[in-house]
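Encoded as structure tokens, the structure appears first; notes follow it.
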Amino acid sequence: MDFMDTAKKLIDSASEDIMHAAFRIIGALLVIIIGFRIVKWVSKKLRSSKFSKKLDASLASFLNSFITIALNLFIVVIAVSILGVPMATIVTVVGTAGLAVGLALQGSLSNFAGGFIIILFKPFSVGDFIEVGGYSGNVTDIGLFYTTLVSLDHRRISLPNSVVSSKELVNCSAIGTRVVNLEIGVSYDTEVPKAERTLIAVAKDCEYSLKDREPIAFVTKYADSSIIINLRYWVRSDDYLTSQADVMDKIKVAFDENSITFPYPQLDVHLDK
28 MDFMDTAKKL IDSASEDIMH AAFRIIGALL VIIIGFRIVK WVSKKLRSSK FSKKLDASLA
88 SFLNSFITIA LNLFIVVIAV SILGVPMATI VTVVGTAGLA VGLALQGSLS NFAGGFIIIL
148 FKPFSVGDFI EVGGYSGNVT DIGLFYTTLV SLDHRRISLP NSVVSSKELV NCSAIGTRVV
208 NLEIGVSYDT EVPKAERTLI AVAKDCEYSL KDREPIAFVT KYADSSIIIN LRYWVRSDDY
268 LTSQADVMDK IKVAFDENSI TFPYPQLDVH LDK
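Yeah, the sequence shown ends on 300 if you go by my numbering, and it's all consecutive.
Written out as structure tokens, the structure is:
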């Protein structure tokens, strides 16, 4: 009887331990599943909240990424504690793991630091058109580790923040206006003043040209087969490429109407008798 009682107690105790472990595992899984969904919902609400709209778009994007990662980590810690792991142990493990991960992911940490530098000094904001590291495009997101651009041909480009914050960067949208410089070649028998007046008239006629800034045209070079005239006019940053296409189309029409010819390669050959 003693043996049977002891075996029964062991079985009952094991059953209780298994049940407790099962409940803890289920509870931890539920916390993770529900918690991650709540974090996703909170992140979505933060993006559309009045508070986020009041902030600079770059700062709002960066903070949202940071808060999302922090909340997800908090959910994981809660789930692990439900499994019965002491909080002191969790803190020790997280600290040790953080050190190991930090050493292994030094590049990611530099990206994280680069993100802080971008937010702090604001060399550009979401929506700006920038050129950096051989790439160019409109900034759509500034995350914890990467800055995302959309190029003119609609390619999505993700650049490490460490690269963006350390490379030479051109912000084409910062001032709000840009100068369009077009080099137009005309033949040597062209009346230069007439060609300059024609180019200025074309720039003025362009709907994207700023009316408070006068276009200018001037000779910049006497090339082998042509005279190079520089046409310079001002537009809004967003209209830069569109204006170029419009002006280039109108230059050909204007030159034809005014009998101004484009150059073509010429070679003078002299024969000695």
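Just so you know, even glycine gets a beta-carbon here, dropped at the ideal spot from N, CA and C.
Note that this is a predicted model, so its numbers are computed, not measured.
Where residue 291 and residue 143 are concerned, what is the direct C-alpha to C-alpha distance, given to the nearest angstrom? 54 Å
Ignoring anything shorter than 3 residues or poking outside the stretch 167 to 231, list the beta strand (DSSP E) runs there in chain order. With a minimum length of 3 residues, the unbroken runs of beta strand (DSSP E) contained wholly in the stretch 167 to 231 fall at 173 to 177, 183 to 187, 196 to 198 and 204 to 213.
Where the beta strand (DSSP E) containing residue 241 begins and where it ends: Unbroken run through residue 241: none, as it is neither H nor E.
Comparing C-alpha positions only, which one of 199, 278, 277 and 105 sits nearest to residue 262? 199
Does the stretch 257 to 276 come within contact of the stretch 216 to 232, defined as at least 3 CB pairs closer than 8 Å? yes
Taking residue 156 as part of the beta strand (DSSP E), name the residues at either end of that continuous run. 156 to 159
Could you give the DSSP three-state label for residue 236: helix, strand or coil? strand
Determine, using beta carbons only, whether residue 89 and residue 169 come nearer to each other than 8 Å. Note that the C-beta distance between residue 89 and residue 169 is below 8 Å.
Just tell me which of 62, 251, 157 and 70 has its CA closest to the CA of residue 215. 251
Host alpha helix (DSSP H) of residue 278 (start-end): 267 to 284
Could you check whether residue 164 and residue 184 sit closer than 8 Å to each other, using their CB atoms as the reference points? yes
Please classify residue 75: does DSSP put it in a helix, a strand, or coil? In the three-state reduction of the DSSP assignment, residue 75 falls in the helix class, which pools H, G and I.
Kindly list the residues whose CB is nearer than 8 Å to the CB of residue 208, restricted to its own chain and excluding five residues on each side of it in sequence; keep chain order. 257, 258 and 259, listed in sequence order.
Would you call residue 218 buried or exposed, if buried means 16 or more other Cβ atoms sit within 10 Å of its Cβ? Label assigned to residue 218: exposed.
Among residues of its own chain, excluding the 5 on either side of residue 155, which ones have a beta-carbon nearer than 8 Å to its beta-carbon? 165, 166, 198, 199, 200 and 201
Range of the contiguous beta strand (DSSP E) that encloses residue 153: That residue, residue 153, is in no beta strand (DSSP E); it is neither H nor E in DSSP.
Leaving out five residues before and five after residue 282 in sequence, what residues of the same chain have Cβ atoms less than 6 Å from its Cβ? Take residue 282, set aside five residues on each side of it, and no residue of its chain has a beta-carbon closer than 6 Å to its own.
DSSP-derived helix/strand/coil call for residue 131: For residue 131, the predicted model reports a pLDDT of 46, less than 50, meaning its position is unreliable and no value from the coordinates is stated.
Sub-8 Å separation of residue 178 and residue 137 beta-carbons: No, Cβ-Cβ distance for residue 178 and residue 137 is not below 8 Å.
State buried or exposed for residue 130, treating a residue as buried only when at least 16 other CB atoms are found within 10 Å of its CB. With a pLDDT of 47 at residue 130, under the threshold of 50, the predicted position of this residue should be treated as unreliable, and no value is reported.
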